[in-house]
Amino acid sequence: MSSIILASQSPRRKQLLEWAEIDFEVIVKATDEVYPPNLSVEDVPVYIAREKALAVQTFAQTVYHAEHRKEIIIAADTVVVLDDRIIGKPADRQEAIATLTSLSGKAHRVITGVVILEGKKEIAFADITKVWFHELTQAQIEFYIDKYQPYDKAGAYGIQDWIGVVGIKAIEGDFYNVMGLPISRVVQQLQLLKN
């Protein structure tokens, strides 16, 4: 029997797996989201996702040591990149305002690193979506931050929120990747594991 574990407490990743009709459970083990300074921006979210997956795999092996059960662990990390600089989650209102102001009227990349572990087998990849924002007014930025409190989101926004509806001009790539998980690619990889 194979069991799928999502190594993330993101409600959006959970929702995307549910939409894909995948049975899974959520197990999260705290990891430091630090990475070696020499990594490329594309490799950073994959590195962090791998750390999350390995922490949960170690925990799952100690709890579910019965031989009849095999775990498939899915972990992901999303970063927003503007001018080759990673923009993380905002610490407070001022940082969120500064972040959205810097994204306003420009294109940026959203990179989600995904690591899927099954025993010693690992599938790892990064999915990249380019996002263009309209010019945002100060009033729009402050309204969004005060109403939606995007402090748990890389880049201080959620594409599925109000800001995505009114502020995003175009995207090139997977919409769901910007939400936090390139779900169709994950489903394809899970099917390959089953074969």
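In our numbering, the protein residues as written are 2 to 196. By construction, the Cβ of each residue, glycine as well, lies at the ideal position given by its N, Cα and C atoms.
- Tyr177 and Leu83 have their alpha carbons spaced roughly 19 angstroms apart.
- In the structure shown, Phe176 falls within a helical segment according to DSSP collapsed to helix, strand and coil.
- Ranked by how close their Cα comes to the Cα of Ile5, the residues Gly168, Val116, Gln150 have Val116 in first place.
- Between Tyr149 and Leu40, the alpha-carbon positions lie close to 32 angstroms from each other.
- Looking at the backbone, the Cα of Lys195 and that of Arg14 are separated by about 21 angstroms.
- By the criterion of at least three beta-carbon pairs nearer than 8 angstroms, the region 70-77 is not in contact with the region 85-98.
- The beta carbon of Ile146 lies closer than 8 angstroms to those of Arg94, Ala97, Ile98, Leu101, Ala157 in the same chain, with the five residues before and after it left out.
- As a beta-bridge residue in DSSP terms, Ala108 pairs with Trp133.
- Thr63 counts as exposed, since fewer than 16 other beta carbons sit within 10 angstroms of its beta carbon.
- Between Gly181 and Thr130 the beta-carbon gap is near 11 angstroms, outside 8 angstroms, which marks them as no contact.
- Per the DSSP secondary-structure output, Gly114 pairs in a beta bridge with Asp78, Ala127.
- About 7 angstroms separates the beta carbon of Gln10 from that of Val27, a gap short enough to meet the 8 angstroms contact definition.
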